[in-house]
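Chemist: Counting in the numbering used here, the sequence shown runs without a single skipped number right up to 342 at its last residue.
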Amino acid sequence: MRSPIIFQFCTSFLLCRSFLFFAGLLLVPSVLHTQASQPGKAGGQPTSQTPAAFRGVWYPSTRSTLGAATPDNPGQQFVWLHPEGKPLKGPLPLTAWGLERLNANRPIGPNTTAIDSNDPDFQCFPSGLPRIYLFLYPLEIIHTPGRVLMLFEYGHVIRQIFTDGRGHMQDAGPTWMGDSIGHWEGDTLVTDTTGFNDKTWLGYGGQPHSDALHLIERIHRIDHDSLMIDITLDDPKAYSMPLHTQKKYILKPDWNIMEFVCEDNSLNFLEYEKKVRIQQ
63 MRSPIIFQFC TSFLLCRSFL FFAGLLLVPS VLHTQASQPG KAGGQPTSQT
113 PAAFRGVWYP STRSTLGAAT PDNPGQQFVW LHPEGKPLKG PLPLTAWGLE
163 RLNANRPIGP NTTAIDSNDP DFQCFPSGLP RIYLFLYPLE IIHTPGRVLM
213 LFEYGHVIRQ IFTDGRGHMQ DAGPTWMGDS IGHWEGDTLV TDTTGFNDKT
263 WLGYGGQPHS DALHLIERIH RIDHDSLMID ITLDDPKAYS MPLHTQKKYI
313 LKPDWNIMEF VCEDNSLNFL EYEKKVRIQQ
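1. Taking only three categories from DSSP, how would you classify PRO182?
2. Rank SER288, PRO270 and LEU313 by C-alpha distance to the C-alpha of ASN165 and give the top, closest one.
3. Looking only at its own chain, which residues have a Cβ that is under 6 Å from the Cβ of LEU251, when we skip the five neighbours before and after it?
4. Is it buried or exposed, ASP297, if we count other Cβ atoms within 10 angstroms and call 16 or more buried?
5. For PHE322, which residues of its own chain have a beta-carbon under 8 Å away from its beta-carbon, when the five flanking residues on both sides are left out?
6. Does the segment 294-311 come within contact of the segment 261-276, defined as at least 3 CB pairs closer than 8 Å?
7. If contact is defined by three or more beta carbon pairs under 8 Å, each pair taking one atom from either stretch, is the segment 154-164 in contact with the segment 222-232?
8. Could you give the distance in angstroms between the alpha-carbon of LEU313 and the alpha-carbon of GLU202?
9. Following the continuous beta strand (DSSP E) through GLY265, name the residue where it begins and the one where it ends.
10. May I have the straight-line CA-CA distance separating THR175 from PRO182, to the nearest angstrom?
11. So if DSSP puts TRP238 in a beta bridge, which residue, or which two residues, is it bridged to?
12. Can you tell me the Cα-Cα spacing of THR206 and MET212, whole angstroms?
13. Please identify the residue among VAL119, GLY190 and LYS310 whose C-alpha is closest to the C-alpha of SER288.
14. With which residues is SER288 paired in a DSSP beta bridge?
15. Rounded to whole angstroms, what's the CA-CA distance from GLY267 to LEU305? Just pull it up for me.
16. How big is the Cα-Cα spacing for HIS286 and PHE258?
17. From the DSSP output, which residues share a beta bridge with TRP159?
18. Quick check on the burial criterion: 16 or more other C-beta atoms within 10 angstroms. Buried or exposed for PRO149?
19. Can you tell me whether ILE243 is helix, strand or coil according to DSSP?
20. In three-state terms, what does DSSP make of ARG209?
21. On the CB-based measure, 16 or more other CB atoms within 10 Å of its CB, does ILE170 come out buried or exposed?
22. Alpha carbon to alpha carbon, how far is LEU295 from ASN167?
23. How would you write the range of the beta strand (DSSP E) that LEU154 sits in, first residue to last?
24. With 16 other CB atoms within 10 Å as the buried threshold, where does ILE194 fall?
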């Protein structure tokens, strides 16, 4: 059974997430997730009946694909590119609304602990898209007729991508993971996601987004063992131009998704409740 070594060092969920943030910049992903061989996994072998079948368990190949903090963008984990593909230098192109939201966010840092942060991730809320791709946990992709499912081990989140030709839901309220529809272009799954709330961050640095966020992803296999997700973010309320980034995953044919329950550690909530009572 795969046994994440990292959890042996976590005495509370907030400390665990903080540790994962800093350790993730230093540790090799294979140290965080180790698993003995388990028989019976198909490994996502493509077939003529399923275009570019991505089924199987996939693990982030390296944090460097999306990047760690850089001198130009301290605290930014995604390496954002201009639409034409050039790396974005300097601060993110925030609008006045986006800058106000960024300044109101309190990411963890030298003077801010996880308890003091207002990061929604530390309160067991879903990480949202595209931030959930940042975490060093696997995801499983399942194909069904008219739908592709992404099962994220981190937060035990399920994402549905409908490929049956439907449009976006018209009566759905804002959601944490958005409303995803998709279609196939050859061996590439093109997804279109809208309907987000504005409660999640784009990264650990508190980078905001609005409810106008629109994500386009192109998911394709580089080779049998490698999956690339090309992400284009368009949020005119928060950013003055569209942004682009990528995430690469490696096939883990002998892995299974393990249980992950944020609320399982009561120490997290006892500490948070104590802080709230003191403030009141």
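Just so you know, even glycine gets a beta-carbon here, dropped at the ideal spot from N, CA and C.
Modeler: This is what the structure gives:
1. As a first step, residue 182 is located in the sequence shown; it is residue number 120 there, counting from the start. Here PRO182 sits in helix by DSSP.
2. Against the sequence shown, residue 165 aligns to sequence position 103. The option with the nearest alpha carbon to ASN165 is PRO270.
3. By one-based count along the sequence shown, residue 251 stands at place 189. The beta carbon of LEU251 sits closer than 6 Å to those of GLY244 and ILE281, all from its chain and outside the five residues before and after it, given in chain order.
4. Translated into the one-based positions of the sequence shown, residue 297 becomes position 235. By the 10 Å Cβ count, ASP297 comes out buried.
5. Position 260 of the sequence shown, counted from the start, is the residue given in the question as residue 322. Closer than 8 Å at Cβ, skipping near neighbours: TYR199, GLU215, TYR216, GLY217 and HIS218.
6. Judged by pairs of C-beta atoms under 8 Å, the segment 294-311 touches the segment 261-276, as three or more such pairs exist.
7. no
8. Counted from its first residue, the sequence shown places residue 313 at position 251. Counted from its first residue, the sequence shown places residue 202 at position 140. Cα to Cα, LEU313 sits roughly 10 Å from GLU202.
9. Residue numbering aside, residue 265 sits at position 203 when the sequence shown is read from its first letter. Taken as a continuous stretch (DSSP letters only), GLY265 belongs to no beta strand (DSSP E), as it is neither H nor E.
10. What you label residue 175 is simply residue 113 of the sequence shown in a count that begins at 1. What you label residue 182 is simply residue 120 of the sequence shown in a count that begins at 1. Those two C-alpha atoms are separated by around 14 Å.
11. Walking along the sequence shown from the start, residue 238 turns up at place 176. Per DSSP, none; premise fails for TRP238.
12. Counting from one through the sequence shown, the residue named residue 206 turns up at place 144. Counting from one through the sequence shown, the residue named residue 212 turns up at place 150. Whole-angstrom Cα-Cα distance: 11 Å.
13. Locating residue 288 in the sequence shown gives position 226, where the first residue counts as 1. LYS310 is the residue among VAL119, GLY190 and LYS310 whose C-alpha sits nearest the C-alpha of SER288.
14. Looking up residue 288 in the sequence shown gives position 226. Looking at the DSSP assignment, SER288 forms a beta bridge with ASP285 and ILE312.
15. As a first step, residue 267 is located in the sequence shown; it is residue number 205 there, counting from the start. As a first step, residue 305 is located in the sequence shown; it is residue number 243 there, counting from the start. Their Cα atoms are separated by approximately 17 Å.
16. As a working mapping, residue 286 is identified with position 224 in the sequence shown. As a working mapping, residue 258 is identified with position 196 in the sequence shown. For HIS286 and PHE258, the distance between alpha carbons rounds to 32 Å.
17. If you number the sequence shown from 1, residue 159 lands on position 97. Bridge partners of TRP159: none, in fact.
18. The residue given as residue 149 occupies position 87 in the sequence shown. Exposed, since its Cβ has fewer than 16 Cβ neighbours within 10 Å.
19. The sequence position of residue 243 within the sequence shown is 181, counting from 1. Of the three classes helix, strand and coil, the one that applies to ILE243 here is strand, per DSSP.
20. Here residue 209 corresponds to residue number 147 of the sequence shown, with the count starting at 1. Of the three classes helix, strand and coil, the one that applies to ARG209 here is strand, per DSSP.
21. Mapped onto the sequence shown, residue 170 falls at position 108. Result: buried.
22. Walking along the sequence shown from the start, residue 295 turns up at place 233. Walking along the sequence shown from the start, residue 167 turns up at place 105. Rounded to the nearest angstrom, the two C-alpha atoms are 20 Å apart.
23. On the sequence shown, position 92 is the one that residue 154 refers to. Careful: LEU154 lies outside any beta strand (DSSP E) and carries neither H nor E.
24. Along the sequence shown, one-based indexing puts residue 194 at 132. With 16 or more Cβ atoms within 10 Å of its Cβ, ILE194 is classed as buried.
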